[in-house]
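Visitor: So the protein lines, in turn, are chains A and B. Once you know that position 174 of the first sequence is 200 in the numbering used here, the rest is easy, because the numbers rise by one and skip nothing. Once you know that position 234 of the second sequence is 293 in the numbering used here, the rest is easy, because the numbers rise by one and skip nothing. Can you read through this structure? Questions will come right after.
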Amino acid sequence: MLAYLFRRIVYTLPIMFGVALVCFALVHLAPGDPLVSVLPADASAELQAQMRTLYGFDRPYPVQFVSWIGRALQGDLGTSIASGRSVSTEVLRAVGNTLILASVATMIGFFFGCLFGFVAGYFRDSWADKTASFLSVVGVSVPHYWLGMVLVIIFAAQLNWLPATGAGPGGSGDWAWDWAHMRHLVLPAITMSVIPMGIISRTVRALVAETLAQEFVVGLRAKGLTDFGVFRHVVKNVAPTALAVMGLQLGYLLGGSILIETVFSWPGTGFLLNSAIFQRDLPLLQGTILVLAMFFVLLNLLVDVVQSTLDPRIARS
Amino acid sequence: MNVAVDATKIPAPIFERSPGYWSSVFRRFRRDPVALFAAAVVGVLVLMALFGPWLTPADPYKSSMLARLKPIGTEGYPLGTDELGRDMLSRLMIGARLSLFMGITPVICAFIIGSSLGILAGYAGGAINTVIMRTIDVFYAFPSVLLAIALSGALGAGITNALLSLTIVFVPPIARVAESVTTQVRSRDFVEAARASGADAFTIVRVHVLGNVLGPIFVYSTSLIAVSMILASGLSFLGLGVKPPEPEWGLMLNTLRTAIYTQPWVAALPGAMIFITSISFNTLSDGLRSAMDVKQ
Numbered sequence: 027m028l029a030y031l032f033r034r035i036v037y038t039l040p041i042m043f044g045v046a047l048v049c050f051a052l053v054h055l056a057p058g059d060p061l062v063s064v065l066p067a068d069a070s071a072e073l074q075a076q077m078r079t080l081y082g083f084d085r086p087y088p089v090q091f092v093s094w095i096g097r098a099l100q101g102d103l104g105t106s107i108a109s110g111r112s113v114s115t116e117v118l119r120a121v122g123n124t125l126i127l128a129s130v131a132t133m134i135g136f137f138f139g140c141l142f143g144f145v146a147g148y149f150r151d152s153w154a155d156k157t158a159s160f161l162s163v164v165g166v167s168v169p170h171y172w173l174g175m176v177l178v179i180i181f182a183a184q185l186n187w188l189p190a191t192g193a194g195p196g197g198s199g200d201w202a203w204d205w206a207h208m209r210h211l212v213l214p215a216i217t218m219s220v221i222p223m224g225i226i227s228r229t230v231r232a233l234v235a236e237t238l239a240q241e242f243v244v245g246l247r248a249k250g251l252t253d254f255g256v257f258r259h260v261v262k263n264v265a266p267t268a269l270a271v272m273g274l275q276l277g278y279l280l281g282g283s284i285l286i287e288t289v290f291s292w293p294g295t296g297f298l299l300n301s302a303i304f305q306r307d308l309p310l311l312q313g314t315i316l317v318l319a320m321f322f323v324l325l326n327l328l329v330d331v332v333q334s335t336l337d338p339r340i341a342r343s
Numbered sequence: 060m061n062v063a064v065d066a067t068k069i070p071a072p073i074f075e076r077s078p079g080y081w082s083s084v085f086r087r088f089r090r091d092p093v094a095l096f097a098a099a100v101v102g103v104l105v106l107m108a109l110f111g112p113w114l115t116p117a118d119p120y121k122s123s124m125l126a127r128l129k130p131i132g133t134e135g136y137p138l139g140t141d142e143l144g145r146d147m148l149s150r151l152m153i154g155a156r157l158s159l160f161m162g163i164t165p166v167i168c169a170f171i172i173g174s175s176l177g178i179l180a181g182y183a184g185g186a187i188n189t190v191i192m193r194t195i196d197v198f199y200a201f202p203s204v205l206l207a208i209a210l211s212g213a214l215g216a217g218i219t220n221a222l223l224s225l226t227i228v229f230v231p232p233i234a235r236v237a238e239s240v241t242t243q244v245r246s247r248d249f250v251e252a253a254r255a256s257g258a259d260a261f262t263i264v265r266v267h268v269l270g271n272v273l274g275p276i277f278v279y280s281t282s283l284i285a286v287s288m289i290l291a292s293g294l295s296f297l298g299l300g301v302k303p304p305e306p307e308w309g310l311m312l313n314t315l316r317t318a319i320y321t322q323p324w325v326a327a328l329p330g331a332m333i334f335i336t337s338i339s340f341n342t343l344s345d346g347l348r349s350a351m352d353v354k355q
């Protein structure tokens, strides 16, 4: 087990390095001067050179990369060109809001995904299976930004039951677990939960059907175990993979929240990315992507470790 | 929505292939009414994309200040008009062109690049495999939506940049599938026999490997078209893809967002088109996979 853990961590380090390299390269991929948005159009050559030195854009790429990584490891992701504030502070604040949205969405998706998946896997080829399978295809096929718009049209514009945008009353960016704030969470969280719902229900359906077809289930039944007793064994066999899929889905939602956050003006990382892109605020863009991608890599590691603790066969293979 | 390599979506390589294999695949596919229906919908969309300019009832670019945001069912505008008074039905029809092009092209490019890389890595093994697959792992370590948006955000808005970013997003999953299928085929006896009989690597790949691996990679790639459609329209929805006034469903959805309080159902139409397209491609791909599954 320890050897597996060690191997897994060693495998992750070069990936993290590569991810950092890609994030760094993104800024230099961008056409045009990275300072174009902060300098006035008629800035003198002197001022331009001064700013370039200030942001370190005049040094060779490898030097810039190493110093960027060094500072990032200490929690300093530079200064936002557009707002002049520290990128780390802005990103941390936004990550909190996105995490709330993505975790609630993952939990809703996991609950319904498991429900549909178990029903479909237990009663294969029945109408319940067909309905559940149809719902999961809808879940993975629906453009979620459009679903968000449709929910806003129905529940905010037409019925006026729930707020259409923002994360709290008066557009405040600070979250609190009270009804005034949670009302704002309902529509975006439901919209977001559709994706993990579809994927988890597909996975669970396949796993349940596969487990039920195994000989040990026949053995348990022959032993006289009740249906519920058999069900408990099925759950134990399905749980490690289902939980792993859920963990990865949380990561995908964290990284892919930009479209939903744009529809609902949710003040999270997606919203931050959007403004970074359109204001050409490259340090902010770079920092946000780095934090989200690293989060995803670490989440992958965590999922693998948890999965191998739940199912020791994985570490042994 | 993501492009994780979903194990339930990869068909096994085909080994026991009889001469009638493709006809039996076709026969099985024909017995699947749901997949046939999806194929018909995709066919209609493709026809609309190809012959759009000759089919539209009105000029999709002609705006009219007097006829802005008419509701569905207005005289002369069966699906209403958009925020500039352009005929929605015509724009939705002609929008199939760019939307399908933007959704399908990245998957085709990624299929070519990804399967080449994956087959090379899987067949060559050793150091070549390590270099290719570890590089792929880095790109695979990004959530797909984040990578697509980060790349097009850095490169700037535009059709070419959006296509390029989406291709980069879809190469890693396809290469992974190609590598794993090729590794399975490489260890089979007939490859060993070909090598023993003196065939060179190029001949073995062309004759013995390609025929066995391209089918599974192709079916896996078709399952990515739906994701690609949603992502491509999503980029345009964010303002990172197609630019106005071109009719593209994602962009139309974006410009109509301001109308959700005045003409909500007209505003929702472009998204419904994206949904219909992606669910049809998903269903078609599922049907294709189960028809190609020899075990059934």
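Glycine included, every Cβ here is placed at the ideal spot set by N, Cα and C. These numbers come from a predicted model, not from an experiment.
Could you check which residue in 234(B), 205(B), 223(B), 150(B) has the C-alpha nearest to that of residue 190(B)?
Guide: The shortest C-alpha separation from residue 190(B) is found at 234(B).
Visitor: How do the segment 278-286 of chain A and the segment 212-230 of chain A stand: do at least 3 beta-carbon pairs fall below 8 Å, yes or no?
Guide: Flag = yes, the segment 278-286 of chain A and the segment 212-230 of chain A touch.
Visitor: Please report how far the alpha carbon of residue 116(B) lies from the alpha carbon of residue 168(B), in whole angstroms.
Guide: Going by the C-alpha atoms only, they are around 34 Å apart.
Visitor: Can you pull the chain B residues whose beta carbon is under 7 Å from the beta carbon of residue 323(A), in chain order?
Guide: Those are 200, listed as they occur along chain B.
Visitor: So, with DSSP's three-state summary, where would you put residue 146(B)?
Guide: Strand.
Visitor: Find the residues of chain A that neighbour residue 224(B), judging by a C-beta separation of less than 9 Å, and give them in chain order.
Guide: Neighbours of residue 224(B) on chain A: none; closest Cβ ~10 Å, over 9 Å.
Visitor: Any residues in the segment 153-172 of chain B with a beta carbon nearer than 7 Å to a beta carbon of chain A? Which ones, in chain order?
Guide: If the cut-off is 7 Å between Cβ atoms, the segment 153-172 of chain B has nothing near chain A.
Visitor: Going by beta carbon distance, what residues of the same chain come within less than 8 Å of residue 158(A), once the five residues before and after it are set aside?
Guide: Here the set comprises 142, 143, 145, 146, 227, 231.
Visitor: Does residue 297(B) have its Cβ less than 8 Å from a Cβ in chain A?
Guide: Answer yes: the Cβ-Cβ gap between residue 297(B) and chain A drops below 8 Å somewhere.
Visitor: Going along chain B, which residues have a C-beta under 7 Å from residue 108(A)?
Guide: By Cβ distance, chain B contributes nothing, its closest Cβ being about 14 Å from residue 108(A), past 7 Å.
Visitor: Look at the alpha carbon of residue 175(B) and the alpha carbon of residue 116(A), and state the distance between them as a whole number of angstroms.
Guide: So the two alpha carbons sit approximately 42 Å from each other.
Visitor: Of all the alpha helix (DSSP H) runs that stay within the bounds of the segment 184-272 of chain A, which reach a length of 4 or more residues?
Guide: Those alpha helix (DSSP H) runs which fall completely within the segment 184-272 of chain A and span 4+ residues are 205-238, 241-248.
Visitor: I'd like to know if residue 277(A) contacts chain B, where contact means its C-beta is closer than 8 Å to some C-beta of that chain.
Guide: Judged by the 8 Å Cβ criterion, residue 277(A) is in contact with chain B.
Visitor: If the cut is a Cβ gap below 9 Å, which residues of chain A does residue 278(B) touch?
Guide: The premise fails here: residue 278(B) is roughly 16 Å from chain A at the closest Cβ pair, so nothing lies under 9 Å.
Visitor: Is it buried or exposed for residue 307(B), if we count other Cβ within 10 angstroms and need 16 for buried?
Guide: Answer is buried; the Cβ neighbour count reaches 16.
Visitor: Grouping DSSP H, G and I as helix and E and B as strand, with all else coil, what is residue 111(A)?
Guide: Of the three classes helix, strand and coil, the one that applies to residue 111(A) here is coil, per DSSP.
Visitor: Assuming residue 318(B) contacts residue 142(B) under a Cβ cut-off of 8 Å, what Cβ separation, rounded to an integer in Å, is found between them?
Guide: With a Cβ gap of about 6 Å, residue 318(B) and residue 142(B) count as contacting.
Visitor: Measuring straight from C-alpha to C-alpha, what distance separates residue 179(A) and residue 177(B)?
Guide: Those two C-alpha atoms are separated by around 45 Å.
Visitor: Using only alpha-carbon positions, find the residue among 318(A), 86(A), 292(A) that is nearest to residue 201(A).
Guide: Measuring from the Cα of residue 201(A), the nearest candidate turns out to be 292(A).
Visitor: I want to see whether chain A comes within less than 8 Å of residue 354(B), judged by CB atoms only; does it?
Guide: Any reading at residue 354(B) needs caution, since the residue's pLDDT is 45, under 50, leaving its predicted position unreliable; the model's value is listed next. Not one chain A Cβ lies under 8 Å of residue 354(B).
Visitor: Can you tell me which residues form a DSSP beta bridge with residue 105(A)?
Guide: Beta-bridge pairing links residue 105(A) to 112(A).
Visitor: Listing by chain order, which chain B residues have their CB less than 8 Å from the CB of residue 175(A)?
Guide: The answer, in chain order, is 312, 316, 319, 326, 327, 330.
Visitor: Report yes or no: do the segment 132-140 of chain A and the segment 325-339 of chain A share at least 3 C-beta pairs separated by less than 8 Å?
Guide: The segment 132-140 of chain A, when compared against the segment 325-339 of chain A, does not touch it at the 8 Å Cβ threshold.
Visitor: Determine, using beta carbons only, whether residue 298(B) and residue 216(B) come nearer to each other than 8 Å.
Guide: It is a contact, given that the beta carbons lie within the stated cut-off.
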